[in-house]
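The block underneath contains the structure these notes are about, expressed in structure tokens.
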Amino acid sequence: MGGNGWGVARIAHLGGPPPLAFPAARFPRAARALSRETAVPSACSLLPSFPRAVYRRPSVLMMASTATCTRFSDEYQLFEELGKGAFSVVRRCMKITTGQEYAAKIINTKKLSARDHQKLEREARICRLLKHPNIVRLHDSISEEGFHYLVFDLVTGGELFEDIVAREYYSEADASHCIQQILESVNHCHLNGIVHRDLKPENLLLASKSKGAAVKLADFGLAIEVQGEQQAWFGFAGTPGYLSPEVLRKDPYGKPVDMWACGVILYILLVGYPPFWDEDQHRLYQQIKAGAYDFPSPEWDTVTPEAKDLINKMLTINPAKRITASEALKHPWICQRSTVASMMHRQETVDCLKKFNARRKLKVRMKSARINRHASEAWLVLYIPLIFTSQQESTESSNTTIEDEDLSPATLPSILSCICVCTCLYLYLYSSARKQEIIKVTEQLIEAINNGDFEAYTKICDPGLTSFEPEALGNLVEGMDFHRFYFENALSKSTKPIHTIILNPHVHLVGDDAACIAYIRLTQYMDGSGMPKTMQSEETRVWHRRDGKWQNVHFHRSGSPTVPIK
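Residue numbers (the UniProt record's numbering): 1 to 566.
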């Protein structure tokens with residue numbers, strides 16, 4: 001499911017092999033790290049990214065919730081699933097008394113760690129506090145035995161950036177209107193002592209598909225509470241391309257980190273690509289810390305000086321001198337949009353933004369595929385010691401949210417690199433095991449042929465098996481009847497031993513449920529005079545897995561026949 005709003009919820013789900021035991025005594029440093037859950041994606045990070053699930057201990061939630069005395073089903077009717085995560089599912093729901101539709105996040109509280117409980121307590125507290133037309137709102141919170149229900153706005157418009165590329169007309173003035181709504185939401189957060197810490201395109205949604213629908217800020221999973229203009233080290237958190245210099249330097253920080261991210265977003269809104277970018281994350285961080293961005297020609301030549309001025313004030317390295325949200329809302333390019341911002345259609349921006357969106361989605365899908373299909377936390381835990389011994393730095397930049405309250409920015413690239421290495425190692429092992437499955441089932445099929453066992457053969461083959469072989473005289477044969485003749489009239493009546501081996505098997509996996517194997521087949525047998533003979537053929541077989549069992553759906557053979565026939 002694309003997007004990351006409630007109406008278009010992203011799916012992230014754990015998959016892979018059974019959990020593995022971790023020898024904590026042998027790797028004490030890794031064990032301590034795991035107790036803090038520093039480098040491994042936590043349960044929270046694997047949940048639908050908007051709104052990041054608000055999972056809390058039922059006892060604490062009950063004290064703060066608006067309705068815990070009645071069961072959820074008494075007040076709401078559930079409908080279709082919108083998305084799901086490791087410990088939660090998001091479903092459309094309707095309040096019975098009013099008919100109003102919402103998005104209900106149903107959290108399995110029995111499976112949450114203590115640290116996740118603490119983080120999600122904070123998130124629930126923040127969500128209840130914030131009430132603004134440009135922020136996704138938490139409407140209700142209901143606790144039951146083992147589950148908690150959080151009722152949010154039903155956001156159906158998808159991501160702001162996806163909507164922009166679908167428009168027929170998009171101008172600098174439109175960008176001004178978009179960033180104004182984002183600044184309104186950020187200003188509301190800051191006035192209430194909240195720092196979002198993860199402003200990025202994925203968290204900017206539209207209330208509906210209607211033209212002019214409000215932009216809504218989502219996902220307060222990394223948000224923190226601050227006192228006034230407090231500056232402190234709250235941990236390394238955010239998304240790489242949107243991190244501020246002070247976070248990367250591990251300096252005390254506060255509300256200005258959100259304004260830096262707004263500057264990055266505004267830059268993208270105007271030209272369709274980010275101000276800081278490098279495939280290597282270390283070099284990306286160096287760019288950010290140096291504030292190394294510019295306004296290259298020709299795309300920036302048509303952008304007004306006022307727009308560039310606002311970006312410069314947002315992307316000021318010194319957080320004390322960086323513009324605030326309330327000040328930005330008073331900037332001429334925002335409050336005098338009709339006379340200051342250009343109305344010229346920016347087709348090149350739209351084209352670049354399409355490519356930018358495609359790259360973002362690809363990274364999300366790649367990450368989701370690695371997690372969903374292959375990399376369970378247990379497998380990452382198995383290789384955690386590598387994280388603390390490897391000196392290799394990351395070579396890939398990402399748009400993945402990071403939160404690590406104990407880790408320095410200098411070591412983070414190494415950790416991300418090691419996680420990638422561990423995942424790749426697992427993928428290699430996973431692929432090798434799957435290929436061995438295909439080789440084994442191919443050998444079983446050949447054994448059934450050698451034994452003249454048609455019943456065993458039919459269990460391994462699809463009823464609609466297609467084949468192209470010498471016996472068919474150049475014709476493509478479909479079904480089992482053609483093969484039945486040889487089993488009943490040649491193979492079953494042979495009393496002489498037949499031995500077959502396959503050489504140089506090459507397996508190509510096509511997803512999880514399809515594979516192709518090519519090999520050389522050598523068949524040894526005794527001829528009529530008692531002399532040993534050998535036949536050779538080249539075969540290719542296509543396999544498909546149904547209900548957990550591999551079936552041969554097609555094969556092609558050249559060379560000698562399947563069996564020695566006098």
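The beta-carbon is built from N, C-alpha and C at its ideal position, and this holds for glycine as well.
TODO: Report yes if the C-beta distance between L243 and I288 is below 8 Å; otherwise report no.
DONE: yes
Open item on the list: Give me the DSSP bridge partner(s) of G238.
Closed with: I402
Open item on the list: Which of the three DSSP states is assigned to R167 in this structure?
Closed with: coil
- [ ] Please report how far the alpha carbon of L183 lies from the alpha carbon of M94, in whole angstroms.
- [x] 31 Å
Task: Y169, buried or exposed, once every other Cβ within 10 Å from all chains shown has been counted against 16 - done: exposed
- [ ] Verify whether the separation of the beta carbon atoms of A175 and M259 is less than 8 Å.
- [x] no
- [ ] Spatial neighbours of H188 within its chain, please: CB distance less than 7 Å, with the 5 preceding and 5 following residues excluded, ordered by chain position.
- [x] L130, H132 and I135
TODO: Please work out which residues of its chain come closer than 8 Å, Cβ to Cβ, to I323, disregarding the five sequence neighbours upstream and downstream, and give them in chain order.
DONE: M259, L310, K313, M314, T316 and H331
Open item on the list: My parser needs the alpha helix (DSSP H) runs of 4 or more residues fully inside the segment 250-275; what are they?
Closed with: 256-271
- [ ] Determine the closest residue to W300 out of V165, K200, H282 and Y267, with distance taken between C-alpha atoms.
- [x] Closest option to W300, Cα to Cα, is Y267.
- [ ] With distances taken Cα to Cα, identify the nearest neighbour of S537 among H508, Y76, P470 and G548.
- [x] P470
Task: Residue(s) in a DSSP beta bridge with A290 - done: BP columns for A290 are empty, so no partner.
TODO: From the DSSP output, in three-state form, read off residue 586 for me.
DONE: This structure gives no information on residue 586, because the portion of the chain shown stretches from 1 to 566.
Task: At least three beta-carbon pairs within less than 8 Å, the segment 433-448 to the segment 496-510 - done: yes
TODO: Leaving aside the five residues before and after A213 along the sequence, list all residues of the same chain whose C-beta is less than 6 Å from its C-beta, in chain order.
DONE: G157, L206 and A207
Task: N-terminal and C-terminal residue of the beta strand (DSSP E) that I142 is part of - done: In this chain, the beta strand (DSSP E) harbouring I142 covers L138 to E144.
Task: Anticipated Cβ contact below 8 Å, A237 with L222, distance rounded - done: 5 Å
TODO: Specify, as a first and last residue, the run of the beta strand (DSSP E) that Q524 falls within.
DONE: A514 to M526
Task: Range covered by the alpha helix (DSSP H) that runs through residue 567 - done: Nothing about residue 567 can be read from this structure; the chain reaches only from 1 to 566.
Task: Of the residues S432, G474 and Q551, the one placed nearest Y457, counting alpha carbons only - done: Closest by C-alpha distance to Y457, out of S432, G474 and Q551, is Q551.
Open item on the list: So if DSSP puts V151 in a beta bridge, which residue, or which two residues, is it bridged to?
Closed with: Looking at the DSSP assignment, V151 forms a beta bridge with A104 and D140.
TODO: State whether the segment 99-111 contacts the segment 142-150, with contact taken as three or more CB pairs (one from each stretch) at a distance under 8 Å.
DONE: yes
Task: DSSP-derived helix/strand/coil call for Q231 - done: coil
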